[in-house]
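Student: Going by my numbering, the residue at position 176 of the sequence shown is 1418; the numbering climbs one at a time, nothing skipped. All residues carry an ideal CB built from backbone N, CA and C; glycine is no exception. None of these values were measured; they are calculated from a predicted model.
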Amino acid sequence: MAQTRKNSSSDDPHTYFFRLYDPVRRTLEYKGWDVFPPTKISAKELTEACNQKTGLPLNTPLFIYLDVKPTVVDKLITADQQPNRFSPNFDLQDGDLIVFQKQLTAEEDARLALPGVRDYFKDLTFRTDVEFVDKERQNDDSCTFSLTLNLKMAYTQVIRAVAAKLKTDPKRIQLFRNQSTSVRDCPGAAIGTDTTLTLRDIFQSSRTNSNKPKKLFYTHLDMDIDEMEARKEMKILWQPNFREEGKDLNILVNKRGTVKDLLDMVKKQVELATDGTGQLRLVELSGYKIHSTHSAATQLDSLSSISGNKIFRVEEVPHDQLRIESDELLIPVAHFHKEIHQCFGIPFYLKVRTNEQFFEVKERIRKILDVPEKDFEKYKFCISHLGKQTYLEDDNYRISAKDLNPQAVWCGTIGVTTWLGIDHLNKTPKRPRPSYLEKAVKIYN
């Protein structure tokens, strides 16, 4: 509605100021001023004056508004009104600011983000400056920029604006909330593409000081974000043998994939022995002991790595373990020294046969570990079952299925409750984390 204003002297001429709104560029352009007689101006005269200011034909249909106060405009004339007619209850006063725009086609009205003057002024109310910082290069000022955005913008609109600034595909950009502290700003949680949040919602849910400038972090992706969000990152230890440290890999896998899919990806990235079987398996480790082996059909989303001590290891299946006969078993083997609950080193599987003499088993272990005979003589062996160990001091002892807890046998592999322990000094170098974990190598298949 028009505001009530005091009339100037009826004998004074009226001065009006004009601004043109361009919906394509979303800008207001000052078009000067004009003085009119003190008599009441007609809608036709005002329309012609606006058209004259822009060099348009005098009868060009216009939408004309009165700028009442910041961010508030009231409509004076619509393009489809009869000539010489103002909207009801309007009376122009000396010094008024007139805002006008050309009539748009239906296609233009649907396509443009802010097609009308009122849309523009409403947008002004929610405009805010947002700083975007490269998550990987936070100290590089050339990768930091600011955009003037609308707090009502949907996340997809924000992404398009950022991508336009970076001149890249919107699907190759991911945004992160600002995890602000009293000391510094740092990247927080990633914002999912399925979100229905507006820009205002994002900042309201972020842990940021309301007095600080608004900030978000971004990163460039090597794949479309939809594809990336359909995947999850798995930390895998590639173990080429049981004597040397393995390599830690971070692999993006399809959340709905299987262990076979994971093994196929690893196989493309590692170097297999020329005389090996070429067949891989996924072994789950915990506390330097083998916990289980996951079949190729296991769904990856069923694998949990919540525990900080859990490791998923990929290894090549030895020739002698490709086929397990009915009288054979795979025994988990682990290293410890005196205390059965404090294991170390690299655990592994060993195939044994029922009724096999233990000195044969020991010799296979020595070859696997490649330990000199003099040192190997100091090694002691035991069968650990439910936390209790039984030392095997007789080399002529024959492997017994009963001793190895056959009730826990599944697919030729005994359960975690029973394993073969090697008791010897720990010569593994002291490190703050397992010695076989090194700097991660990310794999994007």
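Closest by CA to Leu-1611, which one among Ile-1582, Phe-1305, Val-1575, Gln-1521?
Tutor: When only C-alpha atoms are compared, the closest one is Val-1575.
Student: May I have a chain-ordered list of the alpha helix (DSSP H) segments no shorter than 4 residues that lie completely inside the segment 1566-1652?
Tutor: List check, alpha helix (DSSP H) in window: 1600-1611, 1615-1618.
Student: Under 8 Å, do Leu-1524 and Thr-1535 count as touching if we go by C-beta distance?
Tutor: In contact: Leu-1524 and Thr-1535 (Cβ atoms closer than 8 Å).
Student: Please name the residue, chosen from Ala-1403, Phe-1601, Thr-1670, that lies closest to Asp-1636 on a Cα-to-Cα basis.
Tutor: Comparing Cα positions, the closest option is Phe-1601.
Student: With respect to the beta strand (DSSP E) encompassing Ala-1431, which residues constitute its N-terminal and C-terminal limits?
Tutor: It spans 1429-1432 - the beta strand (DSSP E) in which Ala-1431 sits, taken as one unbroken run.
Student: Let me make sure I understand the geometry here. Which of Phe-1342, Asp-1276, Tyr-1272 has the alpha-carbon closest to that of Pro-1303?
Tutor: Here the closest residue by C-alpha is Phe-1342.
Student: With a threshold of 8 Å, are at least 3 pairs of Cβ atoms found where one atom belongs to the segment 1437-1445 and the other to the segment 1391-1398?
Tutor: A contact exists between the segment 1437-1445 and the segment 1391-1398.
Student: Among Phe-1586, Asp-1276, Asp-1411, which has the Cα closest to the Cα of Asp-1338?
Tutor: The shortest C-alpha separation from Asp-1338 is found at Asp-1276.
Student: Ends of the beta strand (DSSP E) at Val-1375?
Tutor: Segment 1369-1376, the beta strand (DSSP E) holding Val-1375.
Student: Strictly by DSSP, which residues pair up with Tyr-1460?
Tutor: BP columns for Tyr-1460 point to Asp-1376, Leu-1417.
Student: What residue range does the beta strand (DSSP E) around Gln-1343 cover?
Tutor: It spans 1339-1344 - the beta strand (DSSP E) in which Gln-1343 sits, taken as one unbroken run.
Student: Measuring alpha carbon to alpha carbon, tell me which residue in Ala-1285, Lys-1295, Asp-1254, Gln-1416 is nearest Lys-1273.
Tutor: Ranking Ala-1285, Lys-1295, Asp-1254, Gln-1416 by Cα distance to Lys-1273 puts Lys-1295 first.
Student: Going along the chain, which unbroken runs of the beta strand (DSSP E) with 3 or more residues stay wholly within the segment 1250-1324?
Tutor: The qualifying runs are 1256-1264, 1269-1278, 1304-1311, 1314-1319.
Student: Any contact of the segment 1463-1478 with the segment 1380-1393, i.e. 3+ C-beta pairs under 8 Å?
Tutor: At 8 Å Cβ cutoff, the stretches do not touch.
Student: Consult DSSP for Asp-1490 and reduce its assignment to one of helix, strand or coil.
Tutor: Looking at Asp-1490 - three-state DSSP - the assignment turns out to be strand.
Student: Just reading off the alpha helix (DSSP H) that Leu-1504 is part of, what are its end residues?
Tutor: Run containing Leu-1504: 1501-1511, per the alpha helix (DSSP H) assignment.
Student: Taking the C-alpha atoms as reference points, what is the distance between Leu-1300 and Ile-1306?
Tutor: The straight-line gap from Cα to Cα measures roughly 14 Å.
Student: Give me the Cβ distance between Ala-1405 and Leu-1389, rounded to the nearest whole Å; I'm assuming they're in contact under 8 Å.
Tutor: Actually they do not touch by this definition, with Cβ atoms about 11 Å apart.
Student: Would you mind working out which of Thr-1670, Leu-1417, Cys-1292 sits nearest Ala-1431, comparing C-alpha positions?
Tutor: Nearest of Thr-1670, Leu-1417, Cys-1292 to Ala-1431, Cα basis: Leu-1417.
Student: Which two residues bound the contiguous beta strand (DSSP E) that contains Met-1470?
Tutor: Premise fails: Met-1470 lies in the alpha helix (DSSP H), 1467-1471, not in any beta strand (DSSP E).
Student: Leaving out five residues on either side along the sequence, give the residues of the same chain with a beta carbon under 6 Å from the beta carbon of Ile-1319.
Tutor: Cβ neighbours of Ile-1319 beyond the five flanking positions: Ala-1285, Ile-1306.
Student: In whole angstroms, what separates the C-alpha of Ala-1643 from that of Thr-1596?
Tutor: The alpha-carbon atoms of Ala-1643 and Thr-1596 are separated by roughly 6 Å.
Student: Please say whether Leu-1527 and Arg-1498 have beta carbons closer to each other than 8 Å?
Tutor: Not a contact, by the Cβ cut-off of 8 Å.
Student: Using a Cβ-Cβ cut-off of 8 Å, state whether Asp-1543 counts as contacting chain C.
Tutor: The question asks about chain C, but that chain is absent: this structure has only one protein chain.
Student: Keeping to the same chain, check which residues put their C-beta closer than 8 Å to that of Gln-1584; ignore five residues upstream and five downstream.
Tutor: If we look at Gln-1584 and ignore the five residues flanking it on each side, its Cβ neighbours are Phe-1578.
Student: Would you call the segment 1487-1507 and the segment 1622-1641 touching, i.e. three or more CB-CB distances under 8 Å?
Tutor: In short, these stretches do not touch, since the Cβ pair count stays below three.
Student: Output needed for Leu-1505: all residues of its chain with C-beta closer than 8 Å, excluding positions within five of it in sequence on either side, in chain order.
Tutor: Result list for Leu-1505: Leu-1522, Arg-1523, Leu-1524, Ala-1538, Val-1556, in chain order.
Student: Here's a check: name, in chain order, each residue in its chain whose Cβ is nearer than 8 Å to the Cβ of Thr-1440, leaving out the five neighbours to either side.
Tutor: So the qualifying residues of the chain are Leu-1393, Lys-1394, Met-1395, Ala-1396, Tyr-1397.
Student: Val-1375 and Lys-1456: beta carbons closer than 8 Å?
Tutor: It is not a contact, given that the beta carbons lie outside the stated cut-off.
Student: What do you get for Val-1603, buried or exposed, if any count of 16 or more other CB atoms within 10 angstroms of its CB means buried?
Tutor: Buried, because 16 or more other Cβ atoms sit within 10 Å of the Cβ of Val-1603.
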